[in-house]
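Notes to accompany the following structure.
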């Protein structure tokens, strides 16, 4: 067996056959119901995003405005930049929400009362190095203080309720996601226990979140010259159960598996936070809860259109559903063309400072002079496509004997990533009449560019097999009797993939250090996409704006 083929052809064909069978069962299962569920498919940003890419949104502005600080984007980096500015007494901020409010932290709402994530669904307990996250969670009332030993104390209702996770294997459930406690698994996690506290020659933790605070020790950073699969082969890890589990974890956090991601990224996933307990923070609407909490803390108001006056001055942070179609830096500021995503009205805004909190592939398209920032020389990160599917259920399907529904439910051997239960935090109080099971799929069955081509033409029925694969594996075709509606969200560029060489990526290093009237802030700058990293870059960008203002 070659190191790059730990997930060998036989396993791949088995996965493909399973998915085909699941898709067929999916179609047969729901077509014969007297009331088949309704289906909706949301392709985030389309068609406007492709019109933007093709330069077809550059209409002449109807008016011109000036403002002090403009934030482009509404994900974690953008909102954390606004939070930092507000905490430092600066509120005259305009935030252009882009194609989707809260970005990858957006939520799905059914009938106004039942919510679920349509993007990220949990937050791991912050590491000691993530002081920005501890401060943020304190401001939102989620972190309630520290105990006598200095350990964070979180609000009980925000910590995921038990049972937290379970794995479906050989027709039965087991609690916890690691399939077996075999020799390779024990050896791997003994190593992780050591790496959680290990430090490089410069005294820094080898693996830290944010990654910018990790050790620069060249010996350890050599891990970034191998894929995780190659490193595992070199270190003689052969257990199929361990390899599947590690591949699942990488697909879950990075959108690609052990054969695609850097060995440094693979180990960083397990070793960076260093917490004694692996529990997480979660809410019915996922990380939308955090995003909306930041908006409320900042006193952010939403407006449907820009005012007619030329000078934009806001007493409190203001968000506006608009996307930037052109960004040009000048000697004394930045000219930004904003297009209202609803009405199409276009305005020119001249800002003194701009925080560019958009994904880098979008920033490259809208910057009038991308060569000034390195986009003409250095490559962009590769982006992994995702499918997030919300199954609205009338009641709960029957669980197998001796098993209780968990918050996170994963199927061993599946190419899906399992499903989470939106109402998990309510079940112990009173089981609701309706619930939502949110199924996640990292669509890495082919190269990301090829998958995006498939998704561009896909209809709801085409994606139902991917969406339902794990649910049907657990509950069978009878599952459809509970399904009232299925809402599928395609995120074609969901997350940057930390491939080999990402630690020394020239574009990311250049943009991290860039400081002018435009400051970049996005999780992409870390080479991978998690809330803590995006929040870090948002905070750093806000600090630069504050410094520029004196």
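In the working numbering, the protein residues as written are 1250 to 1799.
Just so you know, even glycine gets a beta-carbon here, dropped at the ideal spot from N, CA and C.
Taking all protein chains shown into account, residue 1551 has fewer than 16 neighbouring C-beta atoms within 10 Å of its C-beta and is therefore exposed.
Residue 1700 is bridged by DSSP to nothing; it lacks a bridge partner. Under the DSSP definition of a beta bridge, residue 1737 partners with 1290, 1638. Scanning the segment 1427-1456 from its first residue to its last, the whole alpha helix (DSSP H) runs of 4-plus residues come out as 1432-1444.
Collapsing the DSSP output to three states places residue 1759 in a helix.
Secondary structure at residue 1492: helix, using DSSP grouped into helix, strand and coil.
Within the same chain, Cβ atoms closer than 7 Å to the Cβ of residue 1316 are found at 1343, 1561, 1598, 1600, the five residues on either side in sequence being excluded.
Note on geometry: alpha-carbon atoms of residue 1288 and residue 1688 lie some 14 Å from one another.
Runs of the beta strand (DSSP E) lying entirely within the segment 1393-1432, each at least 3 residues long, are 1401-1403, 1414-1418, 1421-1424 in chain order.
Here residue 1627 has 1754, 1755, 1756, 1759 as same chain residues with Cβ atoms under 8 Å from its own Cβ, once five neighbours each way along the sequence are excluded. Per DSSP, residue 1534 is not a residue of any alpha helix (DSSP H), being assigned neither H nor E. Residue 1719 carries a helical assignment under DSSP once its states are collapsed to helix, strand and coil. Excluding five sequence positions before and after residue 1388, the CB atoms of its chain that fall closer than 6 Å to its own CB belong to 1546, given in chain order.
Pairing residue 1537 with residue 1357, the inter-Cα distance amounts to about 9 Å.
DSSP places residue 1624 in the coil class of the three-state scheme, outside both helix and strand. Take residue 1619, set aside five residues on each side of it, and the residues of its chain with a beta-carbon closer than 7 Å to its own are 1613, 1625, in chain order. A direct Cα-Cα distance of roughly 38 Å separates residue 1313 from residue 1704. Bridge partners of residue 1318 according to DSSP: 1342, 1602.
Your pair residue 1504 and residue 1366 does not check out as a contact, with CB atoms roughly 16 Å apart and the cut at 8 Å.
Closest option to residue 1530, judged by alpha-carbon separation, among 1415, 1653, 1402: 1402. For the pair residue 1655 and residue 1341, the Cα-to-Cα distance works out to about 44 Å. Between residue 1533 and residue 1658, the C-beta spacing is not below 8 Å. For the beta strand (DSSP E) assignment, the uninterrupted runs of no fewer than 3 residues enclosed by the segment 1552-1577 are, from N- to C-terminal side, 1567-1569. From the listed residues 1470, 1586, 1432, the smallest Cα separation to residue 1449 is found for 1470. Non-local beta-carbon contacts of residue 1461 in its own chain, meaning distances under 8 Å to residues more than five positions away in sequence, involve 1761, 1775, 1785 in chain order.
In this structure residue 1609 touches residue 1771 by the C-beta definition: roughly 7 Å separates them, less than 8 Å.
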